[in-house]
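J.: Please see the structure below; I have some questions.
In the working numbering, the protein residues as written are 1 to 235.
In structure tokens:
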């Protein structure tokens, strides 16, 4: 595995040392920060291949750090670590822009496995790009430039989060094909977050609010009742 730049934002020195040992074994170079403010500064200092972010931090919370990172950086994968296991925390973490969520205490084997999956997804860029052989998907006034990760509507660029872009590209690459919420969780988030299908609903709702003229009567992203969602094949 090629050397990766990792940022760990965690105030528990024991956990930091443990993660560093195993990440070094993967050939990674590790930068550490012990507070939210330090982590945010470090995240902006140089590109990272993965940010491992504790939720409960001195100063800024991990949730706030993630939000601020996502204001300017929509691509760097973020893995949340936390001792809190409530469902709302997991959902909020994912919807804030985290790519994965691991609750303490966790297995190092599971941690490493998830890190490898994130690396593989980042390297291959095949979450949705491989779903389409076309570099630009065009449906009337809606255009999706897969290579540039750019969506325009009536020639105006629409700002989408990474997951929103992945969702619309996957759906638009397969018009008429219905995807269940669980399918979309697996394909876009990369894991089977059992019970968190409403995370998909939240992203679809935000996506619709950005591209649909009438959210109540969507033109592009349709609901397949009892199944999930599909892209309109009749455009």
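Using N, Cα and C, we set each Cβ at its ideal position, and we do this for glycine too.
(1) Using only alpha-carbon positions, find the residue among 60, 30 and 201 that is nearest to residue 225.
(2) CB residue 215 to CB residue 208, shorter than 8 Å?
(3) Compare the C-alpha of residue 54 against each of 213, 100 and 227 and name the closest.
(4) Taking only the alpha-carbon atoms, compute the straight-line gap between residue 124 and residue 228 and give it to the nearest angstrom.
(5) To which residues does DSSP link residue 83 through a beta bridge?
(6) Starting from residue 43, trace the alpha helix (DSSP H) in both directions and tell me its first and last residue.
(7) Verify whether the separation of the beta carbon atoms of residue 136 and residue 169 is less than 8 Å.
(8) Can you give the Cα-Cα distance for residue 126 and residue 60, rounded to whole angstroms?
(9) Assuming residue 42 and residue 7 are in contact, meaning their beta carbons sit under 8 Å apart, how far apart are those beta carbons, in whole angstroms?
(10) Please name the residue or residues paired with residue 101 in a DSSP beta bridge.
(11) Whole angstroms is fine: what's the gap from residue 25's alpha carbon to residue 56's?
(12) Residue 31 and residue 67: beta carbons closer than 8 Å?
(13) Within its chain, find whatever has a CB closer than 8 Å to the CB of residue 140; leave out the 5 residues flanking it on each side and keep chain order.
(14) Taking the alpha-carbon of residue 58 as reference, which of 12, 112 and 20 has the nearest alpha-carbon?
(15) Determine whether the beta carbon atoms of residue 65 and residue 36 lie at a separation below 8 Å.
(16) So residue 204 and residue 167 are supposed to be a Cβ contact under 8 Å. How far apart are they, rounded?
(17) What does residue 153 pair with, by DSSP beta-bridge criteria?
(18) Looking at the secondary structure, which residues open and close the beta strand (DSSP E) in which residue 29 lies?
(19) For residue 9, which of helix, strand or coil comes out of DSSP?
(20) Helix, strand or coil: how does DSSP classify residue 50 here?
T.: Concretely, from the data shown:
(1) Answer by Cα proximity: 201.
(2) yes
(3) Nearest C-alpha to residue 54 among 213, 100 and 227: 100.
(4) For residue 124, the predicted model reports a pLDDT of 49, less than 50, meaning its position is unreliable; a value from the coordinates is still stated below. So the alpha carbons of these two residues sit roughly 27 Å apart.
(5) Residue 83 is not bridged to any residue.
(6) 36-45
(7) no
(8) Because residue 126 sits at a pLDDT of 49, beneath the cut-off of 50, its placement in the model cannot be relied upon, and the following sentence gives the value as read from the coordinates. Computed Cα separation, rounded: 33 Å.
(9) 6 Å
(10) For residue 101, DSSP records a beta bridge to 80.
(11) 27 Å
(12) no
(13) 235
(14) Distances from the CA of residue 58 to each of 12, 112 and 20 were compared; the closest alpha carbon is that of 12.
(15) yes
(16) Confirmed, Cβ separation roughly 7 Å.
(17) 142 and 156
(18) 29-33
(19) strand
(20) strand
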